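Okay, structure first, notes after.
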Amino acid sequence: MDGKIRPTFSSLTAPVYDYLSKRCLPQSSITYGTIEGTDGLIKIGGCGTGFLLVKREVFEKIPSPWFSFEKGGEDLYFSDKARQYGFDIWADMSVLLGHLRLDPVGASQFLTQYHNTAEANEFLGEEAITRDLAKFLHKTKTYIKKKI
Numbered sequence: 001m002d003g004k005i006r007p008t009f010s011s012l013t014a015p016v017y018d019y020l021s022k023r024c025l026p027q028s029s030i031t032y033g034t035i036e037g038t039d040g041l042i043k044i045g046g047c048g049t050g051f052l053l054v055k056r057e058v059f060e061k062i063p064s065p066w067f068s069f070e071k072g073g074e075d076l077y078f079s080d081k082a083r084q085y086g087f088d089i090w091a092d093m094s095v096l097l098g099h100l101r102l103d104p105v106g107a108s109q110f111l112t113q114y115h116n117t118a119e120a121n122e123f124l125g126e127e128a129i130t131r132d133l134a135k136f137l138h139k140t141k142t143y144i145k146k147k148i
């Protein structure tokens, strides 16, 4: 793995990756890669937390905040912090996950839905880069391929 953000859906993420890589945003210590041909449990550096089972002892041992929008986002922040406190992160490769939505979901949809609201302004902040990224994402087409 080369350490670059090039996941399975690189055709979807390439424009965003190319944009962000020019901006030198904070990165997580996790190396991104695609894992293929594996079934069962594997040890990983980190993952998205949309579908995640966490033992209670993790939250008891790790001081809050457990989530923060730094170092690659709240998902990877949690993964980094869990590893720092001695916990392993495992992925069950036999489970196929997706989003249960009828329409594509992404940053542009979030920004459209919450445009000029207190929640969006708090999320984006006042930095020029976040405003610039919001405009870029709003113009980027989003595609979802249904996998059966």
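First residue of the sequence shown? That's 1 in my numbering, and the numbers climb one at a time after it.
From the three backbone atoms N, C-alpha and C, an ideal C-beta is built for every residue, glycine too.
Every value quoted in this text rests on a predicted model; they were computed, and no experiment measured them.
**Message:** Tell me the rounded alpha-carbon separation between G45 and R83.
**Reply:** Here residue 45 is taken as the residue at index 45 of the sequence shown, counted from 1. Here residue 83 is taken as the residue at index 83 of the sequence shown, counted from 1. Spanning the two alpha carbons is a distance of roughly 8 Å.
**Message:** With H, G and I counted as helix, E and B as strand and the rest as coil, what does DSSP make of K61?
**Reply:** Position 61 of the sequence shown, counted from the start, is the residue given in the question as residue 61. DSSP places K61 in helix when its eight states are reduced to three.
**Message:** Please list the terminal residues of the continuous beta strand (DSSP E) segment that includes K43.
**Reply:** Taking the sequence shown and counting its residues from 1, one reaches residue 43 at position 43. Counting along the chain, the beta strand (DSSP E) containing K43 begins and ends at L41 to I44.
**Request:** Would you identify the three-state DSSP class for D75, choosing helix, strand or coil?
**Result:** For the purposes of this step, residue 75 is identified with residue 75 of the sequence shown, where counting begins at 1. Three-state result, D75: helix.
**Item:** Minimum C-alpha distance to E60 - residue among V95, I89 and Y85
**Value:** Translated into positions along the sequence shown, residue 60 becomes position 60. Nearest option by C-alpha distance: Y85.
**Which of helix, strand or coil DSSP assigns to I80** = Taking the first residue of the sequence shown as position 1, residue 80 is located at position 80. The sequence given here places Asp at residue 80; Ile does not occur at that position. Correct three-state label for D80: helix.
**Request:** Check whether the Cβ atoms of D75 and T49 lie closer than 7 Å to each other.
**Result:** For this step, residue 75 is matched to residue 75 along the sequence shown. For this step, residue 49 is matched to residue 49 along the sequence shown. Contact flag set, yes.
**Request:** State buried or exposed for F51, treating a residue as buried only when at least 16 other CB atoms are found within 10 Å of its CB.
**Result:** Taking the sequence shown and counting its residues from 1, one reaches residue 51 at position 51. With fewer than 16 Cβ atoms within 10 Å of its Cβ, F51 is classed as exposed.
**Request:** Leaving aside the five residues before and after I42 along the sequence, list all residues of the same chain whose C-beta is less than 8 Å from its C-beta, in chain order.
**Result:** Counted from its first residue, the sequence shown places residue 42 at position 42. Non-local C-beta neighbours of I42 in its own chain, meaning closer than 8 Å and more than five positions away in sequence, comprise I35, W90, A91 and M93, ordered along the chain.
**Item:** D92: first and last residue of the uninterrupted beta strand (DSSP E) it sits in
**Value:** Taking the sequence shown and counting its residues from 1, one reaches residue 92 at position 92. Segment I89 to D92, the beta strand (DSSP E) holding D92.
**Item:** Length of the line joining the Cα atoms of F67 and E57
**Value:** What you label residue 67 is simply residue 67 of the sequence shown in a count that begins at 1. What you label residue 57 is simply residue 57 of the sequence shown in a count that begins at 1. Looking at the two C-alpha atoms, the distance is approximately 16 Å.
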